[in-house]
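Number of protein chains: 6
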Amino acid sequence: MTIVRDLRDGEEFVGFYLIKESEAKQTNTTPPKDFMNLVLSDASGHVAAKLWDAAPTDKESFQPLTLVKVQGVAQIYREKLQVKIVRIRKTTDADGVRLSDYVRSAPVAPDVLLAGIHRVIESLTDRDIRAVVEYCVNKVGDKLLSAPAAKSHHHAYYAGLLYHISRMLELGDFVCKQRPFLNADLLKAGIILHDIAKPVEMVSELGIVSDYSNQGKLIGHISQASLWIAEAAIKLGLEPESERIMALQHLVLSHHNLGEWGSPVQPQLAEAVALHHIDSLDAKLQMVEDAFGTTADHDEWTAPIRGLENKAFLRLPF
Amino acid sequence: MTIVRDLRDGEEFVGFYLIKESEAKQTNTTPPKDFMNLVLSDASGHVAAKLWDAAPTDKESFQPLTLVKVQGVAQIYREKLQVKIVRIRKTTDADGVRLSDYVRSAPVAPDVLLAGIHRVIESLTDRDIRAVVEYCVNKVGDKLLSAPAAKSHHHAYYAGLLYHISRMLELGDFVCKQRPFLNADLLKAGIILHDIAKPVEMVSELGIVSDYSNQGKLIGHISQASLWIAEAAIKLGLEPESERIMALQHLVLSHHNLGEWGSPVQPQLAEAVALHHIDSLDAKLQMVEDAFGTTADHDEWTAPIRGLENKAFLRLPF
Amino acid sequence: MTIVRDLRDGEEFVGFYLIKESEAKQTNTTPPKDFMNLVLSDASGHVAAKLWDAAPTDKESFQPLTLVKVQGVAQIYREKLQVKIVRIRKTTDADGVRLSDYVRSAPVAPDVLLAGIHRVIESLTDRDIRAVVEYCVNKVGDKLLSAPAAKSHHHAYYAGLLYHISRMLELGDFVCKQRPFLNADLLKAGIILHDIAKPVEMVSELGIVSDYSNQGKLIGHISQASLWIAEAAIKLGLEPESERIMALQHLVLSHHNLGEWGSPVQPQLAEAVALHHIDSLDAKLQMVEDAFGTTADHDEWTAPIRGLENKAFLRLPF
Amino acid sequence: MTIVRDLRDGEEFVGFYLIKESEAKQTNTTPPKDFMNLVLSDASGHVAAKLWDAAPTDKESFQPLTLVKVQGVAQIYREKLQVKIVRIRKTTDADGVRLSDYVRSAPVAPDVLLAGIHRVIESLTDRDIRAVVEYCVNKVGDKLLSAPAAKSHHHAYYAGLLYHISRMLELGDFVCKQRPFLNADLLKAGIILHDIAKPVEMVSELGIVSDYSNQGKLIGHISQASLWIAEAAIKLGLEPESERIMALQHLVLSHHNLGEWGSPVQPQLAEAVALHHIDSLDAKLQMVEDAFGTTADHDEWTAPIRGLENKAFLRLPF
Amino acid sequence: MTIVRDLRDGEEFVGFYLIKESEAKQTNTTPPKDFMNLVLSDASGHVAAKLWDAAPTDKESFQPLTLVKVQGVAQIYREKLQVKIVRIRKTTDADGVRLSDYVRSAPVAPDVLLAGIHRVIESLTDRDIRAVVEYCVNKVGDKLLSAPAAKSHHHAYYAGLLYHISRMLELGDFVCKQRPFLNADLLKAGIILHDIAKPVEMVSELGIVSDYSNQGKLIGHISQASLWIAEAAIKLGLEPESERIMALQHLVLSHHNLGEWGSPVQPQLAEAVALHHIDSLDAKLQMVEDAFGTTADHDEWTAPIRGLENKAFLRLPF
Amino acid sequence: MTIVRDLRDGEEFVGFYLIKESEAKQTNTTPPKDFMNLVLSDASGHVAAKLWDAAPTDKESFQPLTLVKVQGVAQIYREKLQVKIVRIRKTTDADGVRLSDYVRSAPVAPDVLLAGIHRVIESLTDRDIRAVVEYCVNKVGDKLLSAPAAKSHHHAYYAGLLYHISRMLELGDFVCKQRPFLNADLLKAGIILHDIAKPVEMVSELGIVSDYSNQGKLIGHISQASLWIAEAAIKLGLEPESERIMALQHLVLSHHNLGEWGSPVQPQLAEAVALHHIDSLDAKLQMVEDAFGTTADHDEWTAPIRGLENKAFLRLPF
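Protein chains in written order, with numbering that gives the first Met the number 0: chain A, 0 to 317; chain B, 0 to 317; chain C, 0 to 317; chain D, 0 to 317; chain E, 0 to 317; chain F, 0 to 317.
Written as structure tokens, this is what we have:
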């Protein structure tokens, strides 16, 4: 059993993998023949694969998010590793494999992350702020457990959003201690709420985003989160244009900092400045960390990272 | 009695005017003497004025939005007309002058404009859309009668917002007839709602904006209007994330077209494209029309207009 | 006989179509075989097609703008409909089909549109302006009947330019009535002249642009139109630097509003502001209307529209 | 007799100067007193001056472009030299001073510069190009002798335009020799014509620009020059859309390189690239040379130069 | 004895202050009289002051950075507090006041901050990196104790640079613990070196910057620091183009992230991303904290902060 | 023997060529077959070539920079000439062909160019500047002989950098004579040093760049050259922060003019302005000259040139 990350040129292998992408194609021969381009993945990464001479039913069988058993050969093709599939079938109960084991996900379990976030919520001393945060977190419900933080930009995997929020809360806690003039309740609430509408902005399963939703396109997660805060206020009997509610909405609305990055207003509360920069620091460093994590050990440079001026990153040689 | 527009160099005059701006200053002499810089206005325009040797109580008496009787002399100073005040006093009931007669305002009375808008609302055939529009218009209440459409950008006078909406509705009606594929209910609702939160975004009296409100700075009129639409839906028992509600919010959120102009999402409904361009056409042409209206007849060029690439405009000589 | 718009997956069909694009290719087999990628079109839309095992003469026979009779099978390939050609031949007189019936074109006949424009020209009261407009319209001659308004941006089909001008004249007429301070003669002349050099800027046949002309690349339609106005003035015995001539040139030169959009000067006449915004409103709404028109009924979203921030548009579900 | 450049702190002096700017003002005392702010200049530079206790007629007497005899005292005021005027009067014939001696101008006489340019025109071997250049140069007439190349950007003095053209012709000649693939006739014609409409774009006297003309604002010198080339072609019986005419127009239209710098088309001929860069090189170096020329010898740094990223320049200390 | 922060309208007071700015002016009266505009400061803030009827020697006596004893009256003038000086003299030894007590400075003593930084240097485990950091810190010498981190942007006071580095080191330490894949030695070295050339980029005394140095203008602190790292390598016998030296230079060169912000290369090491964002987070939050610190308690909003999109900040009302 | 430039459609030919690029691919047939995409070049240009049915050893044999003898057929394929290889082998000593004859290179031999540059260096009168320039030129060593000036932007061929420097020196000499206020030593030194670190920024052989080096990515040639100047100063016993050294570094650092183009400081010496514009003029004109040189004689337009606003260029028809 070989995990994706360990595949080497020329290796013949058998293993279980998750189909991440799937495309039916035809050769240019006459008559053309059907074949399939798949992307096989497990928790350690992903690799392109060719299924030649595909049967008519294969297109239906080997859809994205299907768990399969594969016998294949790994080969370097145009400087990248590629799998030539010899045999492939969907897994059965008898195989005893669980989907969740083959999904790329945050390094901490979602329920652990969520429990940590709930502990932070309970620690908030401002009753109104705490109630609004609880309302919004509950509104998202189970989607919060699996949602990625973005389609591909950063934390783009199972429970990526929870992980992003959790690490930001750690940073936020440190910054509040370093700078006591900040309102810790407000900043922590802002951290929890800033991306809370992402799970409805994107259509995802197992942390893999297939598209943006209509709601995501027409409203966007930033405005949607501010609308939920208003809804929470109304449902909780709070004044929707009170100072606390407006402050929470301001943090969410301004957290992308600039209009061209999607924020209709710019930060005008100290906590909004802190939120934007903590978000940025966590997202950007995670991009680099994840890029190294999916780059083969013998590669000096990662692939270019779109969110970092499209620059590749160098593994330190010392 | 001379109106501001008719004042000429060297003219001695008496008249009633509204103080638009007021500033207490001191001369650089030793000892320094108190004087005041005022801006006197009436419905025809405004003019700078000097009150030399001001008494200690004058600072309190001659605040902005005060109606005064002035005896003065108009003089060209640095190529602009300026008034040297000889005598000044606040008006009394005996003077029989009404504040509203001295305020710059839209060319149509606010109640007439509002009645027209209500007729459009009543004509909307979609019950849910109509109800939401009514809710939001009622929420603004009386402020809608006097509010300008902007601080200085365009329609910056008494009932300017109502006038802007009314002209846009005329244009919108024409465009809907020219292009029947557009949903007329949605476009008209969008026209009425797009700036509906402006009266709470800015602090104004008699159409003169003194500042942006905290709500205006932290939330902005675009997001605020979308929040009111959500509130309307909840209070009216409509699903706040239903298609109609999202469509209305989308029109409001996208009507500035680009992120750097304040819109968190870009137009993705045909009616949103129509709304943005009708808004733009009406605002820009009004800027030019108003600039000509406040430029003396003998001047070829208006002052530069900030909202039009800071260009001055030429009066056609034919 | 099936029109392009009605083709369905698996359908075997026979029909007449216009070849819009044509490309000779070879398979990667050894020895390679010739085949052709065609784009078949009619007035309802266009579809990709494969001609396998092409004969040596086919490359010459099946050039763009050729009318052909096709027997084929429609198939979904990579989520898009594609035609596999079984038999194909050029049409003959015996088929009794007319090229013009298979060309995508404006919804109103070009001669009707042109007649309407001539009526507007005759209605202009300013003799000099009318003469210059007539001169320029005559200069373009018959090319005006078929020219599209752009290569692909908007109104990119047979008589698209005439249609664009006509709709703009309707809007312009409304705006002049709404705002009597505008000079209607000048605005209408500007609408007719603003894109009048487009037919020489691009090389097109039947509304399909194959390239920009050298003149289009070196001078551009904006400057070219202003040069024609100068030529008209000289030939008509008018002073080429008189106020009317400069005003007309200004409208043409400034109608793209900004330097980065191709205008060497920015609007400084009220009518120039009106012209730019009427142009923009008509072009953008037409883009959306045309996108819906060529999107299959069962698709919620159009393809992304480059001229509208590359956004796709949603068909209203209500 | 002290020239402006040699004035020192505390010096009492008498001399002839040209009034470059003039402004009537009043003190803040009660009653206010009239005084005048003047800018006195000669060929060596300019200096601010105060005329206290101005007589009512002084405002009329001491207008810009008046030659005056001044007795005054130079004093450092807020780190800049300023003149306190003790006596001032307009010059009379008896003074025997000529205006032209007091005007800042190019370092070579205009008739010498113009003669040089005419020699280049005569050397052009292409008959049509030569005829068009001659036509346009003659069209500008005497204005060409005195016109500056810009309002303040570069070569902003008497005969500045002729000087700019002349130096560019030297550079152009060198570049054509270094790179024989360039068409020397076309490049030299482009150099002579590129700014040829500047004298009608701006209203100037003695090289001092008071404003842009209406023609300059509505059409701009770039489009105006292209219009003159068309006029020349028509009047000379050449085809206005022939290759040579279009090439000349292209050079003029594209010489600002980018749309946001005022060029409606971008360079697409080798000579257009050469023209833009030669123009740029000459203008920018002249800005620095002139800045050093008007900076006192003891100053290390010039004032910031707007056209060079608003940077000040350092006099090399070695 | 009243500190600046506690001055109230109408208060007569006596106290010691530091002159921060000083300007000799004249009244517009005839004859004009000398007066001085001063800015008086102490550790709690600063206030404008007028010295009427200044004696000829006052201009010399009351230069910036002079400690003075002042008797005066505080008055609201145009909505700001201003001091009218009744008596003023330079302090003498007998007054027993120390300059350092009147200077605005970081909240921690410079020697304490520097000692902390040296402890971090000593903790670096990479010998070469540690040696280079020590070399550069020693090169700056005593200037490091007083230097501000910027002219006015952020940390613009005595020891501001040391304070900025120290807080960044705390944050850096936290981030390295949160993300062990980062090379802590390199990040900490980068934090210490990133602004190390600021003390030679600007001319400052007591944390008040009077100008940029020639070196600062021609080279800039970013390139200068990279040059010092090269110098350190050469002097320490290390290879100047070795991996460690290049990595350190890369961190310094890229820490402004983008070319338009002054960085010739963009971050391509994980530690460079961390450095940029830690720098940003610390600088921006300090701007807000300092703005609140110098805003009177009764003001809701701070003045606009240039480095934060020129937005003012709201003091949370809860 | 046919050179690349003379190949025509249908021609059967034999000749020697240099492999510029090489890619091993497989057909989509089952089983897939190996073939190779090569780019064959000689001093006159380059052409794509197909090697069908490649043997397993071919991938190793036909690597980039290999000299081969080819028998083939030239054919138009998709409007471009392509070679179908019939026979191919590596050259042997017996063939008597020299690699250097098949490499695209500057039109003047590198040793001639370098000798010219050394003559300029010897002519510099400032001893320190001359010594620093010599040090840096020697530091690059033999790499300078072959290095291109850029990867593909301009002068992208063997000895391209030497040629660029040489032509710039000619221009610089002319400009210094035209404007004697410029320091000729400094400008010429700046010209020689401005791109001197390019040979270590890129990995190239025979003028063909395969990649940027780590040093090039992390430091960049601009900063690297300034570091070498510092190193030269230290090694030569000059003060590294003296005026001459800083001036040289300033010229190098500022020669891209703007931050977004890679310069950390903007020009603030006259010679820096001259350097930037001479660099620009030479690079841009060379781009056009080279584009014409590699465009077939019968083509009116070159391919688009990325460095010139991505515009294609027209060959003058007269």
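Glycine included, each C-beta is placed from N, C-alpha and C at the ideal position.
Query, Result
"Do we get a CB-CB distance below 8 Å when we pair residue 25/A with the residues of chain E?", "no"
"If residue 232/A and residue 238/A are in contact, beta carbons under 8 Å, what's the gap, nearest whole angstrom?", "7 Å"
"With distances taken from CA atoms, which of 41/C, 142/C, 120/C is nearest residue 133/C?", "120/C"
"Please name the residue, chosen from 15/C, 73/C, 20/C, that lies closest to residue 6/C on a Cα-to-Cα basis.", "73/C"
"Tell me whether residue 278/D is buried or exposed, calling it buried when 16 or more other Cβ atoms sit within 10 Å of its Cβ.", "buried"
"Which residues of chain E have a Cβ atom closer than 7 Å to the Cβ of residue 249/F, listed in chain order?", "217, 218"
"Using a Cβ-Cβ cut-off of 8 Å, state whether residue 326/D counts as contacting chain C.", "The first residue shown for chain D is 0 and the last is 317, placing residue 326/D beyond what the model contains."
"State whether the region 136-152 of chain F contacts the region 83-98 of chain F, with contact taken as three or more CB pairs (one from each stretch) at a distance under 8 Å.", "no"
"Do we get a CB-CB distance below 8 Å when we pair residue 316/A with the residues of chain E?", "yes"
"What residues in the region 268-290 of chain F have a beta carbon less than 7 Å from any beta carbon of chain C?", "none"
"Measuring alpha carbon to alpha carbon, tell me which of 171/B, 181/B, 196/B ends up nearest residue 147/B.", "196/B"
"Are any of the Cβ atoms in chain C nearer than 8 Å to that of residue 239/B?", "no"
"Hey, out of 61/C, 297/C, 143/C, whose CA is closest to residue 20/C's CA?", "61/C"
"Give the list of continuous alpha helix (DSSP H) stretches no shorter than 4 residues that lie fully inside the region 226-299 of chain A.", "242-253, 269-292"
"Leaving out five residues before and five after residue 1/D in sequence, what residues of the same chain have Cβ atoms less than 6 Å from its Cβ?", "12, 14"
"Does DSSP put residue 74/B in a helix, a strand or coil?", "strand"
"When the cut-off is 8 Å and only beta carbons count, does residue 213/C lie next to chain F?", "yes"
"Using C-beta distances below 8 Å, list every residue in its chain close to residue 63/B, excluding the 5 sequence neighbours before and after it, in chain order.", "18, 19, 20, 21, 207, 209"
"Quick one: what does DSSP say residue 82/A is sitting in, helix, strand or coil?", "strand"
"What span of residues does the alpha helix (DSSP H) with residue 115/B cover, start to end?", "109-122"
"Does any residue of chain A have a CB that is nearer than 8 Å to the CB of residue 320/B?", "Given that chain B is displayed from residue 0 to residue 317, the structure contains no residue 320/B and the question cannot be resolved."
"Would you decide whether residue 270/C is buried or exposed? Buried here means 16 or more other CB atoms lie within 10 Å of its CB.", "buried"
"In chain E, which residues lie with their C-beta within 8 Å of the C-beta of residue 36/A?", "Neighbours of residue 36/A on chain E: none; closest Cβ ~32 Å, over 8 Å."
"Excluding sequence positions up to five away, which residues of its chain have a Cβ less than 8 Å from the Cβ of residue 128/F?", "184, 185, 188, 243, 247"
"Would the beta-carbon of residue 268/D fall within 8 Å of that of residue 254/D?", "no"
"Contact check, residue 251/D vs residue 282/D under 8 Å by CB: the rounded distance?", "Actually they do not touch by this definition, with Cβ atoms about 16 Å apart."
"Check the C-beta distance from residue 264/C over to residue 217/D and give it rounded, since I have them as a contact under 8 Å.", "7 Å"
"Could you check whether residue 46/C and residue 107/C sit closer than 8 Å to each other, using their CB atoms as the reference points?", "no"
"So, with DSSP's three-state summary, where would you put residue 148/A?", "coil"
"Could you spell out the range, first to last residue, of the beta strand (DSSP E) harbouring residue 15/C?", "11-25"
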